[in-house]
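Structure, as structure tokens:
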Amino acid sequence: MSTSPIWRAVTRNPVSFLTSSAPWRSLGYLLSSGLLGLLSLVVLGGVVVCGLLLSVVGVGLVILAGSVLLGIPLAALERRRLRILEGPHADRPASPHRPVARPGLWPWVHTRLQESATWREFGFAMVFAVLLSVVDLALLAMAGLLVLLIVFPVQVAVASGQPEALLLTGLGIAVLPVAAYVLGAAAAAQSWFVRLMLAPKESGPTDQVVELTRSRARMADAFQAERRRIERDLHDGAQQRLVALVMTLGLAEMEFGAADPAGGKAGELISRARGEAKQALDELRDLVRGIHPQVLTDHGIGAAVSEVAVRCQVPVAVDVELAERLPTQIEATAYFFISEALTNVVKHSGAASATVRGRLTEDRLSVTVTDDGVGGAVLREAGGLQGLADRVAVVDGRLTLSSPSGGPTVLSLEIPCQHRHSVSS
Numbered sequence: 168m169s170t171s172p173i174w175r176a177v178t179r180n181p182v183s184f185l186t187s188s189a190p191w192r193s194l195g196y197l198l199s200s201g202l203l204g205l206l207s208l209v210v211l212g213g214v215v216v217c218g219l220l221l222s223v224v225g226v227g228l229v230i231l232a233g234s235v236l237l238g239i240p241l242a243a244l245e246r247r248r249l250r251i252l253e254g255p256h257a258d259r260p261a262s263p264h265r266p267v268a269r270p271g272l273w274p275w276v277h278t279r280l281q282e283s284a285t286w287r288e289f290g291f292a293m294v295f296a297v298l299l300s301v302v303d304l305a306l307l308a309m310a311g312l313l314v315l316l317i318v319f320p321v322q323v324a325v326a327s328g329q330p331e332a333l334l335l336t337g338l339g340i341a342v343l344p345v346a347a348y349v350l351g352a353a354a355a356a357q358s359w360f361v362r363l364m365l366a367p368k369e370s371g372p373t374d375q376v377v378e379l380t381r382s383r384a385r386m387a388d389a390f391q392a393e394r395r396r397i398e399r400d401l402h403d404g405a406q407q408r409l410v411a412l413v414m415t416l417g418l419a420e421m422e423f424g425a426a427d428p429a430g431g432k433a434g435e436l437i438s439r440a441r442g443e444a445k446q447a448l449d450e451l452r453d454l455v456r457g458i459h460p461q462v463l464t465d466h467g468i469g470a471a472v473s474e475v476a477v478r479c480q481v482p483v484a485v486d487v488e489l490a491e492r493l494p495t496q497i498e499a500t501a502y503f504f505i506s507e508a509l510t511n512v513v514k515h516s517g518a519a520s521a522t523v524r525g526r527l528t529e530d531r532l533s534v535t536v537t538d539d540g541v542g543g544a545v546l547r548e549a550g551g552l553q554g555l556a557d558r559v560a561v562v563d564g565r566l567t568l569s570s571p572s573g574g575p576t577v578l579s580l581e582i583p584c585q586h587r588h589s590v591s592s
């Protein structure tokens with residue numbers, strides 16, 4: 168409940184809460200809850216009673232089964248109705264139901280009756296109709312009495328000339344903030360209950376979630392295979408041709424130098440071409456090394472990070488202690504994260520130093536890159552950090568960023584490592 172926007176409004180500064188729209192949204196939410204709860208009680212009660220009465224002839228059992236399905240549209244409406252309380256731009260819970268494989272009424276009914284979400288929604292509908300609607304109407308009656316306590320004495324004082332009646336009006340006005348907090352807390356509690364009962368459950372993944380996990384694993388494997396192919400092609404193809412080109416240009420430069428010791432325009436052009444070819448070769452080697460360096464394959468993430476730190480233009484202190492080798496995908500992702508983070512440090516932070524820290528505890532890899540730069544880094548759509556977050560999400564990683572203005576910037580990565588092997592293996 169502490170994560171609900173309305174609960175955050177209730178627990179903040181009293182003046183901010185009382186002068187915001189939160190009390191009015193709470194009142195509107197509870198009012199619609201009370202009316203909808205009464206309607207649900209009539210409909211559900213009527214269907215269940217009819218089912219029980221007709222159960223002796225068999226038709227009632229079908230009606231009782233159908234009553235379970237009545238919780239589905241009510242739950243969908245409740246998920247939408249949260250926006251009355253939390254604002255039109257708030258994220259409402261997604262539907263917990265999986266798609267139906269075949270079209271038609273019977274496949275839909277058969278699928279829904281097998282889902283635990285359907286029975287949770289039916290249970291919520293019963294609690295909502297029998298209990299929550301009564302509580303909501305009682306709170307609304309209290310609010311109505313409070314309004315009468317404020318308004319009626321004013322009418323009495325005006326009509327009868329008894330100003331002492333205004334004391335009751337003052338008392339009602341004094342109680343208004345308390346009533347606003349009661350309504351806000353009740354609405355926040357009910358919205359928490361709605362999310363608890365009607366939001367998708369992370370535990371016990373559905374077939375759709377399992378298939379998504381498998382698909383993500385296949386994507387990661389395909390990425391690694393494609394990475395190895397590109398690295399092999401670059402190493403055996405373009406890189407070797409550039410080496411041969413540099414050697415050929417070097418021989419040509421020697422020939423022109425022997426033929427014309429004073430040098431000439433052609434010799435100058437050959438010398439320049441040889442320098443540019445060497446620069447292209449160095450950049451290609453850096454690219455191959457950045458994709459997946461051989462030291463990462465041979466010695467693991469600790470040695471690979473040390474090599475990156477040596478090449479970095481900003482001094483980097485490396486504190487990586489891993490007692491075991493990690494799966495290939497995990498090591499490649501962590502290496503990519505550290506390389507990109509240090510590249511951002513060099514390009515954007517204005518830092519004088521940086522630190523890379525890595526630990527493996529309780530089947531979880533934690534990596535943190537810290538710099539003493541100017542700060543102000545943010546995750547933007549289609550930005551470099553967002554792309555990095557998407558990359559680590561492939562292996563269930565989680566990226567967090569802290570970068571206040573003035574620094575320091577702390578970029579952290581956590582990846583679960585359920586399967587790993589020791590260095591000695």
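So the sequence shown is numbered by my numbering: it starts at 168 and just counts up by one. We treat Cβ as the ideally placed atom computed from N, Cα and C, and that holds for glycine.
{"Query": "Excluding the 5 residues flanking V301 on each side, which residues of the same chain have their C-beta closer than 8 Å to its C-beta?", "Result": "G204"}
{"Query": "Just tell me which of Q446, D563, L299 and A268 has its CA closest to the CA of A600.", "Result": "The requested residue 600 does not occur in the structure, where the chain is confined to residues 168 to 592."}
{"Query": "Please report how far the alpha carbon of G218 lies from the alpha carbon of V210, in whole angstroms.", "Result": "12 Å"}
{"Query": "With a CB to CB cut of under 6 Å and the five nearest residues on each side skipped, what residues in its chain are close to V481?", "Result": "V512, V513, A518 and A521"}
{"Query": "Would you tell me roughly how many angstroms separate the C-alpha atoms of R492 and C584, rounded to the nearest one?", "Result": "11 Å"}
{"Query": "Do I497 and L463 have their C-beta atoms within less than 8 Å of each other?", "Result": "no"}
{"Query": "Quick check on the burial criterion: 16 or more other C-beta atoms within 10 angstroms. Buried or exposed for G525?", "Result": "buried"}
{"Query": "On the DSSP bridge list, what partners appear for G537?", "Result": "At residue 537 the sequence reads Thr, which differs from the Gly that was named. Bridge partners of T537: T522 and V577."}
{"Query": "Give the secondary structure of D557 by DSSP, where H, G and I count as helix, E and B as strand, and everything else as coil.", "Result": "helix"}
{"Query": "Does the beta-carbon of W191 have 16 or more other beta-carbons within 10 angstroms, so that it is buried, or is it exposed?", "Result": "exposed"}
{"Query": "Could you give the DSSP three-state label for G371: helix, strand or coil?", "Result": "Since pLDDT at G371 reaches only 44, below the 50 mark, its modelled position is unreliable, and the value read off the structure follows with that caveat. Coil at G371, not helix or strand."}
{"Query": "Using three-state DSSP, classify A530 as helix, strand or coil.", "Result": "The identity of residue 530 in the sequence shown is Asp, whereas the question assumes Ala. Residue state, collapsed to three classes: coil."}
{"Query": "Counting beta carbon pairs with one atom in the region 343 to 363 and one in the region 301 to 314, are three or more of them shorter than 8 Å?", "Result": "yes"}
{"Query": "Can you find the residues in the same chain that come closer than 6 Å, C-beta to C-beta, to L527, ignoring five residues on each side of it along the sequence?", "Result": "L489"}
{"Query": "Within the continuous alpha helix (DSSP H) that includes T178, where are the two ends?", "Result": "It is not in any alpha helix (DSSP H) - T178 carries neither H nor E in the DSSP assignment."}
{"Query": "Which same chain residues end up closer than 6 Å to S579 when comparing Cβ atoms and leaving out the 5 residues on each side of it in sequence?", "Result": "T535 and T567"}
{"Query": "Please state whether the Cβ-Cβ distance between S193 and L244 is less than 8 Å.", "Result": "no"}
{"Query": "Going by C-alpha to C-alpha distance, which of D557, L185 and A484 sits closest to I340?", "Result": "L185"}
{"Query": "Helix, strand or coil for S593, going by three-state DSSP, please let me know.", "Result": "Outside the displayed range of the chain (168 to 592) lies residue 593, so it cannot be described from this structure."}
{"Query": "When DSSP builds the beta bridges, which residues end up paired with R269?", "Result": "BP columns for R269 are empty, so no partner."}
{"Query": "Looking only at DSSP bridge pairs, what is P583 linked to?", "Result": "R531"}
{"Query": "So the beta strand (DSSP E) V485 belongs to, where does it begin and stop?", "Result": "V483 to E488"}
{"Query": "Look up R247 in the DSSP assignment and say whether it is helix, strand or coil.", "Result": "helix"}
{"Query": "Could you spell out the range, first to last residue, of the alpha helix (DSSP H) harbouring R478?", "Result": "I468 to R478"}
{"Query": "With DSSP collapsed to three states, give me the class of S591.", "Result": "The predicted model places S591 with a pLDDT of 37, which falls under 50 and marks its position as unreliable; any figure quoted below should be read in that light. The answer is coil: DSSP assigns S591 none of H, G, I, E or B."}
{"Query": "Given this structure, state the Cα-to-Cα distance separating L208 from V214, to the nearest angstrom.", "Result": "10 Å"}
{"Query": "Alpha carbons only, please: which of D538, L304, W286 and T178 is nearest the one belonging to P263?", "Result": "W286"}
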